[in-house]
Amino acid sequence: MKGKLLDSQGKEIGEIELPPVFETELRPDVIKKAVLSAQANRRQPYGSNIYAGVDVVTEYWGTGYGIARVPRMKNSRRAALAPMAVGGRRAHPPKPEKKFERKINRKERILALKSAIAATANEEYVRNRGHRFTASLPIVVEDAFEELSRTKDVIPFLEQTGIIEDINRVRETTKIRAGKGKMRGRRYKERKSALFVISDAHAPVRKALRNLPGVDVIPVSQLNVELLAPGTHYGRLTVWVLSALNQLEGLGWS
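So in the numbering used here, spot 51 of the sequence shown is number 219, and the numbers just go up one at a time.
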């Protein structure tokens, strides 16, 4: 399987042989399982205070008073402690000892990653996710792209490949979240745009791309299924730096 090689301006400069991983069969079921496993393993345990609703002195009156047989506060008719009472305990509160993690077989996780990588080279899958672009897939750029450190230097590449339209799509659809989440560090709801896979975690281009709406930048060694298939939806618009693409063969499974 062959692909086009682009320069830092987004113009075609040659043709390359793609790694065998791009010929992997699509497995949506395994991709979904891997993404849900990653999301579940990030969850933090939480639970109610063990004294919530029960830190009160109550007594049971017994029968014969013509009122409901629920615990009541001392020297008062006010009900307490019971789940149906105002300020009472919850019947079945969340338990901090609950296990949220979901296990997945190592071979399944590897297959999911390979399948998600292959999906990034299929134009039908990528367009079905709503991405906008004009370049042919997969998008592979020369190593010099990693040396760009200013956003204005990256813009010509984004315009030439049509990725700038996808970034504008995200910018136009970003909105303030409804509810309490806006006070908890997740004020905005933002869609996903392009994923840039680089070879070096400290490459200057990371600075140039980090502030673009919906864009993620990740070294190939940290690539995971959730980045390639956000929300279990495979076919994310992905840009590969040539050296990062070559490193796929050295991961031991491609």
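Just so you know, even glycine gets a beta-carbon here, dropped at the ideal spot from N, CA and C.
Nothing here was measured: the structure is a model prediction, and the numbers come from that model.
Whose C-alpha, out of the options, is nearest the C-alpha of residue i?
i	options	result
R423	G221, S205, G403 and E314	No answer is possible for residue 423: it lies beyond the span of the chain, which begins at 169 and ends at 422.
R423	G178, E265 and D334	Nothing can be reported for residue 423, as the shown portion of the chain is limited to 169 through 422.
L363	D334, R195 and K348	D334
I285	E417, E183 and V393	V393
N209	K242, E185, I272 and D223	I272
E185	P306, E291 and I278	P306
G418	S367, G399 and L396	S367
F325	I344, T342, N336 and A303	A303
Within this structure, are the beta carbons of residue i and residue j separated by less than 8 Å?
i	j	result
K282	T192	yes
V309	A376	no
A358	V385	Rather than Ala, the amino acid found at residue 358 in this sequence is Glu. Not in contact: E358 and V385 (Cβ atoms no closer than 8 Å).
A412	V383	no
H401	R297	yes
Taking only the alpha-carbon atoms, compute the straight-line gap between residue i and residue j and give it to the nearest angstrom.
i	j	result
V409	F313	7 Å
A253	A220	13 Å
G353	L380	19 Å
N217	Y228	24 Å
Q415	P261	48 Å
K348	P188	46 Å
G232	P239	14 Å
R274	V198	12 Å
F190	R257	55 Å
L249	A259	10 Å
R270	L204	8 Å
S361	K263	37 Å
S422	E327	Any reading at S422 needs caution, since the residue's pLDDT is 48, under 50, leaving its predicted position unreliable; the model's value is listed next. Answer to the nearest angstrom: the Cα atoms are 32 Å apart.
K201	G178	35 Å
R195	R374	31 Å
G230	D223	21 Å
L174	G182	7 Å
S176	S317	12 Å
M169	E291	15 Å
K350	P372	32 Å
A236	A346	41 Å
T341	Q207	24 Å
P132	I278	With the chain running from 169 to 422 in the structure shown, residue 132 is simply not present.
T319	N336	15 Å
K172	D311	14 Å
R245	G255	15 Å
P251	L396	45 Å
I241	K343	Before going on, a small fix: residue 241 reads as Met here, not Ile. So the two alpha carbons sit approximately 48 Å from each other.
L391	A247	56 Å
N243	G234	17 Å
R378	V294	22 Å
Count the other CB atoms, across all protein chains shown, that sit within 10 Å of the CB of residue i; report buried if there are 16 or more and exposed otherwise.
i	result
Y214	exposed
Y356	exposed
T288	buried
T329	buried
A280	buried
F268	exposed
V225	exposed
I331	buried
Output the residue ranges of the alpha helix (DSSP H) runs that lie fully inside the region 275-362 and measure 4 residues or longer, sorted by chain position. 291-296, 319-329 and 331-341
So within the region 382-419, which uninterrupted beta strand (DSSP E) runs reach at least 3 residues, ignoring any that extend past its ends? 384-387 and 406-409
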